[in-house]
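Enquirer: Per this note's numbering, the sequence shown starts with residue 440, numbered consecutively.
From the three backbone atoms N, C-alpha and C, an ideal C-beta is built for every residue, glycine too.
Provided herewith is a single structure, encoded as structure tokens, for subsequent inquiry.
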Amino acid sequence: MEFKRTSALKGEVTVPGDKSISHRAVMFGSVSEGTTEITNFLNGADCLSTIDCFRRLGIEIETMPKQILIHGKGLHGLKKPNHILDVGNSGTTTRLLCGILSGQPFESIVDGDASIRTRPMKRIITPLSQMGAEIASLHGNDCAPLRIRGTHLKSIAYVSPVASAQVKSAILLAGLYADGETSVTEPALSRNHSELMLNYFGADVTTHNTTVTIQPDPVLVGQKVNVPGDISSAAYFIAAALTIPHSEILIKNVGINPTRDGILRVCKAMGADITLENCSYGNGEPTADLLVRYTPNLKATVIGGDLIPTLIDELPMIAILACFADGTTIIKDAQELKVKESNRIDLVARNLSAMGAKVIATDDGLIIEGGYPLHGAAIETKYDHRIAMSFAVAALTADSVTQIDHAECVNISYPDFYHHLASLTGKQN
Ligand code: S3P
């Protein structure tokens, strides 16, 4: 797909529901008693994979244009699937599902696409095996396909080597089926949507510093979940408005949970003109409208440490934003970028270099020297939705045409992305 330089972005946009929260609403609703009603659910391919897996586990799920109804069967009501559970491209589905399957009295097989088959699963195999589940990587490489034989689990106090909400959530979900209290300690706090939503459904989850503890065998009860807009999706419009002269946009109803708002903190450090309006709360999750205005003199910054888990998915976009800042931006402590839907350190560095940016890939991040204008280029996405969206935004500022391969991969998290972008630039595609 081709992209060209555009004039100012103007108007309002409502980004789709948060991906992490949409997955969790389906999963937690499935293992709750009664009906869970989800509004503003993200209809992206990843979340549809979660729905498909839970249907195969015997849960009745009604999908309507404005609402999803999950007819939960309680903690012990899932049935043995008679087919593999296909998670598609979704790491969240894979890892959280494995946590739940570890506590089931049956065997199941979890598999996904070519990218999922390269994502590291040892990080969940290790703790879930310590709890007593039998998990085999069928190709012997610690990746999917995975065969899970569930059992009545033992509780653990796990110290995780990575700050990963997927790992933490997998263990907490297994902890629902354990014989005592289960805890996970992370090196830095990752997104806490599981903790908030499990408590909302009736579980007992507490957090002290970076340790999260869950009590076993609660009665979970179906709830109404209104999913806030996804800040990871808002990131593309934030960056576009900050870098394209004369832009001024309002991004409505964006989730600003402090474990996810790192992009706002980085933008503030860069001197960006962003104002939060209409701040409110729903299901324990804070939201706001974001008024974003073009900011001509962004400053470089250093991004690392505990900040990284709060903006991990936004780093490709932030790296591009850094090209517009005065000075050298350093992104460090972000090794996790290498094991996302693609190796995002490598791909961002290669694509940005192709566009004429001054960028160096390091072992744990990127170093970007701002102030070099971007040129059009051929962008390789490796089917990674966040690479496609980030470079679609970069292309809007470039002085010649940019070609993005497999641009349709945005369907993973934001099927209407190009349409929404075009509506803000006044051009319909
Ligand atoms: C997610 C957690 C993050 C994030 C992913 C969604 C989640 O992954 O990158 O897009 O919903 O828990 P890690 O937990 O692997 O860091």
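Quickly, what does DSSP pair E716 with across the bridge? List them, please.
Expert: On the sequence shown, position 277 is the one that residue 716 refers to. Looking at the DSSP assignment, E716 forms a beta bridge with D728.
Enquirer: Using CA atoms only, rank isn't needed, just tell me which of A583, V666 and E546 is closest to K505.
Expert: Numbered from its first residue, the sequence shown carries residue 505 at position 66. Closest by alpha carbon: V666.
Enquirer: Work out the CA separation of S852 and L835 for me, nearest whole Å.
Expert: As a first step, residue 835 is located in the sequence shown; it is residue number 396 there, counting from the start. As a first step, residue 852 is located in the sequence shown; it is residue number 413 there, counting from the start. Their Cα atoms are separated by approximately 21 Å.
Enquirer: Let me know if N717 comes out buried or exposed under the rule of 16 or more other beta-carbons within 10 Å of its beta-carbon.
Expert: Taking the sequence shown and counting its residues from 1, one reaches residue 717 at position 278. So N717 ends up on the exposed side.
Enquirer: Can you say whether L577 is buried or exposed, counting buried as having 16 or more other CB atoms within 10 angstroms of its CB?
Expert: Mapped onto the sequence shown, residue 577 falls at position 138. Label assigned to L577: exposed.
Enquirer: In the DSSP output, what is K691 paired with across the bridge?
Expert: Numbered from 1 along the sequence shown, position 252 holds the residue referred to as residue 691. T453.
Enquirer: In angstroms with no decimal places, state the Cα-to-Cα distance between A793 and H515.
Expert: By one-based count along the sequence shown, residue 793 stands at place 354. By one-based count along the sequence shown, residue 515 stands at place 76. About 53 Å.
Enquirer: Quick one: residues in its chain with C-beta nearer than 7 Å to the C-beta of I670, no 5 flanking neighbours on either side, listed in chain order?
Expert: Counting from one through the sequence shown, the residue named residue 670 turns up at place 231. If we look at I670 and ignore the five residues flanking it on each side, its Cβ neighbours are V693, G694, I695, R699, D700 and I702.
Enquirer: Anyone know if the C-beta pair for T621 and I653 falls short of 7 Å?
Expert: The count along the sequence shown starts at 1 and reaches residue 621 at position 182. The count along the sequence shown starts at 1 and reaches residue 653 at position 214. Contact flag set, yes.
Enquirer: Count the CB pairs spanning the region 631-642 and the region 557-571 that are closer than 8 Å, and state whether there are at least three.
Expert: Touching, no.
Enquirer: Just to confirm before moving on: does the CB-CB distance between M709 and K738 stay below 7 Å?
Expert: Within the sequence shown, the letter at position 270 stands for residue 709. Within the sequence shown, the letter at position 299 stands for residue 738. Taking 7 Å as the Cβ cut-off, M709 and K738 qualify as a contacting pair.
Enquirer: With DSSP run on the structure shown, which of helix, strand or coil describes A861?
Expert: For this step, residue 861 is matched to residue 422 along the sequence shown. Three-state result, A861: helix.
Enquirer: Can the beta-carbon of H522 be found closer than 7 Å to that of C486?
Expert: Walking along the sequence shown from the start, residue 522 turns up at place 83. Walking along the sequence shown from the start, residue 486 turns up at place 47. No. Outside cutoff.
Enquirer: Within 6 Å: the Cβ of I751 and any heavy atom of ligand 1?
Expert: Taking the sequence shown and counting its residues from 1, one reaches residue 751 at position 312. Within the cutoff, so yes.
Enquirer: Kindly list the residues whose CB is nearer than 6 Å to the CB of P626, restricted to its own chain and excluding five residues on each side of it in sequence; keep chain order.
Expert: As a first step, residue 626 is located in the sequence shown; it is residue number 187 there, counting from the start. Counting only Cβ-Cβ distances below 6 Å, and skipping sequence neighbours, we find A602.
Enquirer: For my contact list, D838 and G815 are in at a C-beta cut-off of 8 Å; report their separation, rounded to the angstrom.
Expert: As a position in the sequence shown, residue 838 is number 399, starting the count at 1. As a position in the sequence shown, residue 815 is number 376, starting the count at 1. That pair is a contact at about 7 Å.
Enquirer: Are the region 487-498 and the region 443-460 in contact at 8 Å, needing three or more beta carbon pairs?
Expert: Cβ pair count under 8 Å is below three, so no.
Enquirer: Kindly examine ligand 1 and report whether one of its heavy atoms sits closer than 6 Å to the Cβ of A604.
Expert: Within the sequence shown, numbered from 1, the residue matching residue 604 stands at position 165. Yes, ligand 1 has a heavy atom inside 6 Å of this Cβ.
Enquirer: Report the residue from P544, L592 and E780 whose alpha carbon sits nearest the alpha carbon of G527.
Expert: Here residue 527 is taken as the residue at index 88 of the sequence shown, counted from 1. It is E780.
Enquirer: Between S529 and I555, what straight-line distance do the alpha-carbon atoms span, to the nearest angstrom?
Expert: Along the sequence shown, one-based indexing puts residue 529 at 90. Along the sequence shown, one-based indexing puts residue 555 at 116. So the two alpha carbons sit approximately 7 Å from each other.
Enquirer: From the beta carbon of G551, is the nearest beta carbon of chain B less than 7 Å away?
Expert: Protein chain content of the structure displayed is limited to a single chain, and chain B is not contained in it.
Enquirer: Measuring only the C-alpha atoms, how far is E546 from V470?
Expert: Within the sequence shown, residue 546 is the residue found at index 107, counting from 1. Within the sequence shown, residue 470 is the residue found at index 31, counting from 1. Taking the straight line joining both Cα atoms gives about 17 Å.
Enquirer: Between T565 and ligand 1, is there a pair consisting of the residue's CB and a ligand heavy atom that are separated by less than 6 Å?
Expert: By one-based count along the sequence shown, residue 565 stands at place 126. Flag unset: Cβ of T565 not near ligand 1.
Enquirer: Using DSSP's beta-bridge definition, name the partner residues of G721.
Expert: Reading the sequence shown from its first residue, position 282 is the one you call residue 721. BP columns for G721 point to E724.
Enquirer: One question on the structure: do L805 and A758 come within less than 7 Å of each other, judged by their Cβ atoms?
Expert: As a working mapping, residue 805 is identified with position 366 in the sequence shown. As a working mapping, residue 758 is identified with position 319 in the sequence shown. Their beta carbons are under 7 Å apart, which means L805 touches A758 by this criterion.
Enquirer: Taking the beta carbon of P655 as the centre, do at least 16 other beta carbons fall within 10 Å, making it buried, or is it exposed?
Expert: Counting from 1 along the sequence shown, the entry for residue 655 is found at position 216. Buried, since its Cβ has 16 or more Cβ neighbours within 10 Å.
Enquirer: Whole-angstrom Cβ separation of M797 and I807, contact assumed at under 8 Å?
Expert: For the purposes of this step, residue 797 is identified with residue 358 of the sequence shown, where counting begins at 1. For the purposes of this step, residue 807 is identified with residue 368 of the sequence shown, where counting begins at 1. The identity of residue 797 in the sequence shown is Lys, whereas the question assumes Met. The Cβ separation is near 7 Å, so the contact holds.
Enquirer: Distance, Cα to Cα, G721 vs L517?
Expert: Mapped onto the sequence shown, residue 721 falls at position 282. Mapped onto the sequence shown, residue 517 falls at position 78. For G721 and L517, the distance between alpha carbons rounds to 29 Å.
Enquirer: Just the C-alpha distance for S541 and V705, rounded to the nearest angstrom, thanks.
Expert: One-based indexing of the sequence shown puts residue 541 at position 102. One-based indexing of the sequence shown puts residue 705 at position 266. Those two C-alpha atoms are separated by around 38 Å.
Enquirer: Quick one: does the C-beta of S829 sit closer than 6 Å to a heavy atom of ligand 3?
Expert: This structure simply doesn't include ligand 3; it includes ligand 1 instead.
Enquirer: Nearest to T801 by CA position, among D772, D550 and P812, is which residue?
Expert: The residue labelled residue 801 in the question sits at position 362 within the sequence shown. Of the listed residues, the one whose Cα sits closest to T801 is D772.
Enquirer: In this structure, what does DSSP give as the bridge partners for S541?
Expert: Taking the sequence shown and counting its residues from 1, one reaches residue 541 at position 102. DSSP, once it has assigned bridges, lists no residue as partnering S541.
Enquirer: My output table needs one value for V651: the three-state DSSP class, helix, strand or coil.
Expert: For the purposes of this step, residue 651 is taken as the residue at position 212 of the sequence shown. Note: V651 maps to strand in three-state DSSP.
Enquirer: Alpha carbon to alpha carbon, what distance is there between R789 and I509?
Expert: Within the sequence shown, residue 509 is the residue found at index 70, counting from 1. Within the sequence shown, residue 789 is the residue found at index 350, counting from 1. For I509 and R789, the distance between alpha carbons rounds to 43 Å.
Enquirer: Compute the minimum distance between the beta carbon of T682 and the heavy atoms of ligand 1, and state whether it is under 6 Å.
Expert: Here residue 682 refers to the residue found at position 243 when the sequence shown is read from its first residue. No, Cβ of T682 sits at least 6 Å from all heavy atoms of ligand 1.
Enquirer: Would you kindly work out how many angstroms separate the C-alpha atoms of E687 and C537, rounded to a whole number?
Expert: Indexing the sequence shown from 1 puts residue 687 at position 248. Indexing the sequence shown from 1 puts residue 537 at position 98. Cα to Cα, the separation comes out at about 43 Å.
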